[in-house]
Amino acid sequence: MQDFYHPQYQVVALVAFGPKAASFRAHPIEWQQLQAQAAGVRFYQYEIDADAHDGDYKRAYGAAIQQLVQDTGISCLVTGDIDYVGSMTTNFITEVCEKHVPWCGVELPLWQQDREELLREMLSPEVDLDIRYTCVKSPHFDASWIGRRLDQHAVDEMRSKSQGGLDLSGENGEYHTMVVNGPMYRCGKGDGLAFDAVQPHELEQQRGQPSDQRWFVCDLERTILRQR
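Okay, so the sequence shown: first residue is 1 according to the UniProt record's numbering, each after it adds one.
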């Protein structure tokens, strides 16, 4: 969203799509709501119910986007996707909108940017973002990274791990982050967000989790994110 503030567009909402009973452990819904409040925009959440669309996940996603368009009047979706996921050869959201919601455009401001260049831009003093790790996976990361700030020291450490297959931007799911403060948060409620306490929690036997891989997230009972 920060990269997409442009005079041509008006950002009006932050939206989360997910399957029924999704836990959103990397990006808790309550925290996304705080982000929206801090940015001065509405927050919307939509359930993706493939069973209601004959098992067609993409059609279910399209139905949710149609509802979003109806609820908000938007003409364009913006995502932070950087590259193709796994063996996919198309961008998922773009494909869904082209097929099921052709009247809603899709913008990908970060698409296929050089990882080093992207991180350099995100960490520049002019952009002034406070970005925190909220989900990390072994073998590249351990629990000590949870709540840590994504800064140049972190990038240097990740760069040393990239020889082992780590995508510096975590586009293969190696890590997830949340922006807790930045310029876009100074036009809404409060003056950004801040962690009062951060405690890691290890997830076990999650869907898609390899048996030899460890996943860590924030312990939501002992981690406090608040408005400044």
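Ideal Cβ positions, reconstructed from N, Cα and C, are used throughout, including at glycine.
- A straight-line Cα-Cα distance of about 36 Å links Glu-98 and Gln-213.
- In this model, Trp-215 and His-201 are separated by some 9 Å (Cα to Cα).
- Per the coordinates, the alpha-carbon of His-140 lies some 25 Å from the alpha-carbon of Leu-225.
- If you keep only unbroken beta strand (DSSP E) runs of at least 3 residues inside the stretch 9-37, you get 13-19.
- Classified as buried, Gln-35 has 16 or more neighbouring CB atoms from the shown chains inside 10 Å of its CB.
- As the crow flies, the alpha-carbon of Arg-159 is around 8 Å from that of Leu-166.
- At a Cβ-Cβ threshold of 9 Å, Lys-137 and Glu-171 do not count as neighbours.
- Under the rule that a run must span 3 or more residues, the beta strand (DSSP E) segments found entirely inside the stretch 89-120 read 105-107.
- Distance between Phe-195 and Asp-142, taken at the CA atoms: about 20 Å.
- DSSP places Glu-157 inside the alpha helix (DSSP H), whose first and last residues are 152-161.
- Exclusion of the five residues before and after Val-101 leaves Gly-62, Ile-65, Gln-66 and Val-69 as the residues of its chain whose Cβ lies within less than 7 Å of its Cβ.
- Proximity of the stretch 70-77 to the stretch 10-28 meets the contact definition, three or more beta-carbon pairs being nearer than 8 Å.
- By the Cβ rule, the stretch 79-93 counts as touching the stretch 103-113, because three or more pairs are nearer than 8 Å.
- Taking all protein chains in view, the Cβ of Val-127 is surrounded by fewer than 16 other Cβ atoms within 10 Å, so the residue is classified as exposed.
- By the criterion of a C-beta distance shorter than 7 Å, Asp-191 is surrounded in its chain by Arg-228, once the five residues flanking it on both sides are discounted.
- Of the residues Leu-118, Lys-58 and Thr-223, the one whose Cα lies closest to the Cα of Arg-148 is Thr-223.
- Contact between Met-178 and Thr-134 holds: CB atoms are separated by about 5 Å, below the 8 Å threshold.
- Contact check for Thr-94 against Val-106 passes: the beta carbons are separated by less than 9 Å.
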